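Here is the structure we will look at, set down as structure tokens.
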Amino acid sequence: MLTFDRRTRGPFWLCSAGALLAAVAIGLSAYASHGVAEPVAQSHLQTAALYAFGHGVALAALGRRSERLLSRSALCLLLLGTVLFSGSLAGNALAQWPTRLAPIGGTTLMLGWLLWAVDALRR
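Take 1 as the starting number for the sequence shown in the numbering used here and just add one per residue.
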């Protein structure tokens with residue numbers, strides 16, 4: 001019987017979240033290109049898709065390498081920052097929500113990448 005210890009598998013939920021972000025980003029980009037006529041809404045959706053796709057791929061790729069608390073924290077910040085930044089822009093384009101969470105999301109993304117760099121230097 002094949003068994004494995006979940007503690008040694010790493011945080012696969014980060015990989016899954018990254019893949020889901022990338023999939024949503026492709027849908028947002030397609031909708032921006034084919035379903036939205038307003039230029040500002042198109043721009044917001046394309047920017048949201050760009051950040052969601054890039055950070056989704058990063059999470060999917062780096063999630064398995066985050067055994068340490070510092071690297072896992074960095075990736076959690078990337079996930080949170082992406083949801084806040086891209087979600088704020090997409091919410092504005094689709095439902096006219098205010099974009100006041102976008103700067104918080106962008107700052108969270110920067111902190112996540114800086115934390116990843118610190119962890120990489122400490123390895």
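All C-beta atoms in this analysis are idealised placements derived from N, C-alpha and C, irrespective of residue type, glycine included.
Given the structure is predicted, the values throughout are model-derived calculations rather than measurements.
For residue i and residue j, what's the separation of their Cα atoms in angstroms?
i    : j    : result
L14  : A120 : 18 Å
L94  : F12  : 31 Å
R100 : S88  : 7 Å
L109 : A32  : 23 Å
P103 : R123 : 31 Å
S43  : S16  : 27 Å
A49  : L80  : 15 Å
Between the Cα of residue i and the Cα atoms of the options, which residue gives the shortest distance?
i    : options             : result
A58  : W97, T82, S29, R68  : T82
L69  : G112, G18, A25      : G112
G106 : Q42, S16, T47, L20  : T47
G18  : Y31, L114, L77, A30 : L77
A117 : P39, G91, L62, P98  : L62
V40  : L115, G91, R65      : G91
L45  : L114, L115, W97     : W97
Here's the rule: buried if 16 or more other CB atoms are within 10 angstroms of the residue's CB, otherwise exposed. What is residue i?
i   : result
A23 : exposed
H55 : buried
S71 : buried
L84 : buried
Between residue i and chain B, is there a C-beta pair that is closer than 8 Å?
i   : result
T82 : Of the chains in the structure shown, none is chain B; there is only one protein chain.
Could you round the C-beta distance between residue i and residue j to whole angstroms and report it? I think they count as a contact, below 8 Å.
i   : j   : result
A74 : F53 : The pair is not a contact, with the Cβ atoms about 19 Å apart (cut-off 8 Å).
Which whole runs of the alpha helix (DSSP H) in the region 55-103 are 4 residues long or more, in chain order? Correct list: 69-95.
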